[in-house]
Amino acid sequence: MLDVEADGRKGGLALLWNRKIDVSVKSFSSHHIEAVIEEGTVNSWRFVGFYGHHEAMKRKFSWELMRHIDSLSQLPTVFIGDFNEVLLASEHVSHRRARLTWQMNNFNQAVTDCGIFDIGCKGYPYPWSNNFIAPFSTRARLDRALAGRDWSNMFPNAELLHGSTYHSDHLSLFEESWCLYENSIEVVRESWNANREGNPGVIVFNGIRQCRLGLLRPNF
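894 is the number of the first residue of the sequence shown in this note's numbering; add one for each residue after it.
Right under this line is the structure:
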């Protein structure tokens, strides 16, 4: 596991993986984690966990970071994370104001420059919400997966699954304080192993949901 501390209530990244998988972290910052997954000499690929700057005027630095990371390797690559921006106006639903065009254009240009594309998603289309009710509600698709054509060819059936946002402004979050409890590992292990039926997406979704319930137990 690799974790990058949050800046107050902003950011905070973590990459967790099964020990059976050969993962090599290449670089990280407060806005990204770059890792190579080794599956033999032929099938190696690159994962980039990404967090776009929460301030719109500083988001240009995030797109510069994307371009820089893209230039570091020729391996098949997928960027996954909270980009804090949308690609299309339809991905931002608000009764208050529309998404600014220049913000979307800058993000789209970075995606084009990197030669990556959105792989789509299944589930609720807006993984972020301000948790207000209409007419003050705002919903947006800030979280996504962006992959190169070569990565998509390696994993033609890859899907991004959106779960529930009932208890957060985003989808799944990890609370670092859980690690302070000695039995947290056992709670996660038991919860995860109890949900092994269905396709991989369903298994992950059910595992995360069960972990949440276990970590919220009063005796935890």
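Virtual Cβ for every residue (Gly too), placed ideally from N, Cα, C.
Just the Cα atoms here: how many angstroms apart are residue i and residue j?
| i | j | result |
| --- | --- | --- |
| residue 946 | residue 1081 | 30 Å |
| residue 1019 | residue 1033 | 5 Å |
| residue 992 | residue 948 | 14 Å |
| residue 1052 | residue 955 | 24 Å |
| residue 952 | residue 977 | 8 Å |
| residue 1048 | residue 936 | 11 Å |
| residue 1061 | residue 1031 | Annotation note: pLDDT 46 at residue 1061 (below 50); position unreliable, coordinate value reported separately. Straight-line Cα distance between these residues: approximately 14 Å. |
| residue 1025 | residue 913 | 42 Å |
| residue 990 | residue 984 | 13 Å |
| residue 1083 | residue 961 | 40 Å |
| residue 1091 | residue 1076 | 28 Å |
| residue 911 | residue 999 | 35 Å |
| residue 1079 | residue 950 | 43 Å |
| residue 1029 | residue 963 | 38 Å |
| residue 1099 | residue 1027 | 30 Å |
| residue 957 | residue 1050 | 30 Å |
| residue 994 | residue 987 | 15 Å |
| residue 1013 | residue 898 | 29 Å |
| residue 1110 | residue 966 | 44 Å |
| residue 1104 | residue 1087 | 10 Å |
| residue 940 | residue 1046 | 15 Å |
| residue 1059 | residue 1017 | Bear in mind that the predicted position of residue 1059 carries a pLDDT of just 46, short of 50, making it too unreliable to give a figure here. |
| residue 1108 | residue 925 | 27 Å |
Kindly give me the distance between the Cβ atoms of residue i and residue j, rounded to whole angstroms, as I take these residues to be in contact under 8 Å.
| i | j | result |
| --- | --- | --- |
| residue 1021 | residue 1035 | 4 Å |
| residue 1037 | residue 1011 | 6 Å |
| residue 917 | residue 929 | 5 Å |
| residue 915 | residue 931 | 4 Å |
| residue 982 | residue 997 | 7 Å |
| residue 896 | residue 923 | Not really, about 12 Å apart at Cβ, beyond 8 Å. |
| residue 1102 | residue 1096 | Going by Cβ atoms, the distance from residue 1102 to residue 1096 rounds to 11 Å, so no, they are not a contact pair. |
Check this for me: beta carbons of residue i and residue j, under 7 Å apart or not?
| i | j | result |
| --- | --- | --- |
| residue 938 | residue 1044 | yes |
| residue 1015 | residue 980 | no |
| residue 974 | residue 1008 | no |
| residue 1116 | residue 944 | Outside the displayed range of the chain (894 to 1113) lies residue 1116, so it cannot be described from this structure. |
Does the ligand FMN have even one heavy atom less than 6 Å from the beta-carbon of residue i?
| i | result |
| --- | --- |
| residue 1049 | Among the components modelled here there is no ligand, and therefore nothing to report on the ligand FMN. |
| query | Taking contact to mean at least 3 C-beta pairs separated by less than 8 Å, is the stretch 996–1003 in contact with the stretch 965–975? | reply | Taking 8 Å as the limit for Cβ pairs, the verdict is that the stretch 965–975 does not touch the stretch 996–1003.
| field | Ranges of the alpha helix (DSSP H) found wholly within the stretch 951–1012, counting only runs of at least 4 | value | Listed in chain order, they are 952–964, 994–1007.
| message | Restricting to runs no shorter than 3 residues, where is the beta strand (DSSP E) found entirely within the stretch 1021–1048? | response | Within the stretch 1021–1048, the complete beta strand (DSSP E) runs of at least 3 residues are 1031–1033, 1036–1041.
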